[in-house]
Amino acid sequence: MSSSTGSILVTGANGGLGSATVKHILKTPDLASKYTGLYTVRKAATASQLRAALNKAPSGHKHETLELDLSSLKSVKATAADINGRVATGALPPIRALILNAGYQEHATLTMSGDGLEMTWQVNFLANLVLSLMLLQSMDKDEGRILILGSWAHDSQDERNTMGGNAVYKDPKWQNLFPGPEALAKGTWSTPKDDASSDSGFRRYGASKLCAVMLMHELGDRIAKDPKLSNISVLGLDPGGMPSDISRRASFMTATLIMKVIVPLLALVMVRLSPNGAVRPLWKSAADVIRACFEVKAPRGKALYLNGTDEFETAKDAQDAKKRKALWEYGLKVADIKPGDTVLVDWQ
Numbered sequence: 001m002s003s004s005t006g007s008i009l010v011t012g013a014n015g016g017l018g019s020a021t022v023k024h025i026l027k028t029p030d031l032a033s034k035y036t037g038l039y040t041v042r043k044a045a046t047a048s049q050l051r052a053a054l055n056k057a058p059s060g061h062k063h064e065t066l067e068l069d070l071s072s073l074k075s076v077k078a079t080a081a082d083i084n085g086r087v088a089t090g091a092l093p094p095i096r097a098l099i100l101n102a103g104y105q106e107h108a109t110l111t112m113s114g115d116g117l118e119m120t121w122q123v124n125f126l127a128n129l130v131l132s133l134m135l136l137q138s139m140d141k142d143e144g145r146i147l148i149l150g151s152w153a154h155d156s157q158d159e160r161n162t163m164g165g166n167a168v169y170k171d172p173k174w175q176n177l178f179p180g181p182e183a184l185a186k187g188t189w190s191t192p193k194d195d196a197s198s199d200s201g202f203r204r205y206g207a208s209k210l211c212a213v214m215l216m217h218e219l220g221d222r223i224a225k226d227p228k229l230s231n232i233s234v235l236g237l238d239p240g241g242m243p244s245d246i247s248r249r250a251s252f253m254t255a256t257l258i259m260k261v262i263v264p265l266l267a268l269v270m271v272r273l274s275p276n277g278a279v280r281p282l283w284k285s286a287a288d289v290i291r292a293c294f295e296v297k298a299p300r301g302k303a304l305y306l307n308g309t310d311e312f313e314t315a316k317d318a319q320d321a322k323k324r325k326a327l328w329e330y331g332l333k334v335a336d337i338k339p340g341d342t343v344l345v346d347w348q
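Using the UniProt record's numbering, the final residue of the sequence shown is 348, and nothing's skipped along the way.
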């Protein structure tokens, strides 16, 4: 039996925010000593940012680097099943914090996964649906928290989408980010054929984040009514704009000059003026992730969405019960979730 108090599972642990979150865990003695870190990456051999962080881990920190391909339903299910098996035998402590951090963003391209699904939607929404449903049996039933990373892009009415003169949602035909789950899943909405600019990919990213926020609400509602799981909290967090590598598929100008030079400098200045402003350093957002999982008192019976440290209202579509149910049911269907795959009573 592990002596750890619990496990902290972080997806996308080699990315900018993921590795910053791991660093925050490692430098917090209470977390590093009490919890086992389960850090997932697509390929362990190339996870240089995570490896660099773990090289400075205190000697008492138990951790594993797990390979998880979020663009593959087979990989997601296999990883969840492996963790469930080890928690059931006591080889791993229950999951205290499930941090669904990994994200995918395209710009002027459109990629389909091996499962035949639009990559952004599969990674940012569907994989999180499958992981959270399957791993519920391994969650700490008294204090467990599931954190889903959102974005201001999920709300076409959020004024931050117009920063710098951006007009990504200006045309009325792009203001509805939920044209239906199938259009998003099959990649037929906001394609490069519809719009050859980088805005087409950004819109699909925003739509996928809307689906993730819808998941936060729907999962939170269903868990709250479950007789054995109701103490598990579901939260969402907008980490703000950060100098991360999520824009690496963008133009050279965006991926290098803007994200590696301008945004890091801007973030250092802006965070002093407005801690929860549009642009934030990675360390600030990582601290907000850990705060949401271990410090915030989550309300019972409903999901909580935060913008940094501020409670924030989600988009109207995210709060639409009918649309959320349609997305949920479609997700179950394409992911082929069967009876026995989750301990959630009201899963269908």
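Heads up, the beta-carbon is just placed ideally off N, CA and C, and yes, glycines get one too.
Apart from the 5 residues on each side of it in sequence, Pro29 sits with its Cβ closer than 8 Å to the Cβ of Pro58 in its chain, given in chain order. Look at the beta carbons and you see the region 183-195 not touching the region 292-307: under three pairs across the two are nearer than 8 Å. When the alpha-carbon of Thr109 is set against those of Gly340, Phe202 and Ala315, the nearest one is in Phe202.
For Thr314, no pairing in a beta bridge is given by DSSP. Contact annotation, Ile99 with Thr11: C-beta distance approximately 7 Å; criterion of less than 8 Å satisfied.
One Cα belongs to Leu92, the other to Gly60, and the distance between them is close to 16 Å. Fully contained in the region 39-105 are the following beta strand (DSSP E) runs of length 3 or more, in chain order: 63-67 and 95-100.
The beta strand (DSSP E) runs of length 3 or more contained entirely in the region 111-182 are, from start to end of the chain, 145-149. Note on geometry: alpha-carbon atoms of Asp140 and Arg96 lie some 5 Å from one another. When only Cα atoms are considered, Gly116 and Gln49 end up about 30 Å apart. Beta-bridge annotation (DSSP): Tyr305 is paired with Gly236. By the CB criterion at 8 Å, Leu177 and Asp320 fall outside the cutoff.
With three or more CB-CB distances shorter than 8 Å, the region 61-76 counts as touching the region 120-130. Asn101 is positioned such that its CB atom lies no closer than 8 Å to that of Leu31. By the criterion of a C-beta distance shorter than 8 Å, Met112 is surrounded in its chain by Glu118, Met119 and Gly187, once the five residues flanking it on both sides are discounted. Contact between the region 79-94 and the region 158-175 is absent: fewer than three C-beta pairs spanning the two stretches fall below 8 Å.
Under DSSP, Ile8 forms a beta bridge with Gly37 and Ala97.
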